[in-house]
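Notes for the one structure printed next.
In the numbering used here, the protein residues as written are 276 to 447.
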């Protein structure tokens, strides 16, 4: 669902070429640190592959932040009064990570990532977040927050890092 939903959000016409890298999940099999290191290697390989084409690319990653789920459906299905983070501490972690990303403090985010994963049961553990940042070269540029919300108690942010705009601003 992560690939389909993410692609639909960015281009519902589905009229662009795509290469999907999906369901790696090595951090769940190898352990968090080793798995994220593997995703870092995959991201670097992705970057080299993109550069070898001489073309631009859009990278998309689908992960939730805090990932504690509600275990019971409310009496009214999809009851919006029940849409909130399952765990307040997870929500506070989400806000901390989002603020660091908005400020372009990527290095700090990745130092905190193992603790964030452990304490907020963050789905970024699956590796797509690390893969994407590795493929972008871990830029310390501000991310734009397009929205944050919850689904079944999980924390979800839609963010963007515009590498072209950042490079152009650095030249000017």
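All residues carry an ideal CB built from backbone N, CA and C; glycine is no exception. Only a predicted model underlies this, so the values are computations on that prediction, with no experimental measurement involved.
Query, Result
"Which residues mark the beginning and the end of the beta strand (DSSP E) in which residue 397 is found?", "Careful: residue 397 lies outside any beta strand (DSSP E) and carries neither H nor E."
"When you compare only the Cα positions, how much space is there between residue 445 and residue 349?", "50 Å"
"Return the Cβ separation of residue 343 and residue 396 in integer angstroms, given the expectation that the two are a contact with Cβ distance under 8 Å.", "5 Å"
"Can you give the Cα-Cα distance for residue 327 and residue 338, rounded to whole angstroms?", "27 Å"
"Helix, strand or coil: how does DSSP classify residue 435 here?", "strand"
"Could you check if residue 409 is buried or exposed, using at least 16 other CB atoms within 10 Å of its CB as the buried criterion?", "buried"
"Round the Cβ separation of residue 411 and residue 334 to the nearest angstrom and send it over; I've been treating them as touching at under 8 Å.", "6 Å"
"For the beta strand (DSSP E) holding residue 307, just list the boundary residues, first then last.", "Looking at the DSSP string, residue 307 is not in any beta strand (DSSP E); the run it does join, the alpha helix (DSSP H), is 307-328."
"By DSSP's criteria, residue 423 is part of a beta bridge. Which residues make up the other side?", "432"
"Could you check what DSSP says for residue 302 in three-state terms: helix, strand or coil?", "helix"
"Between 324, 356, 389, which has its C-alpha nearest residue 306's C-alpha?", "389"
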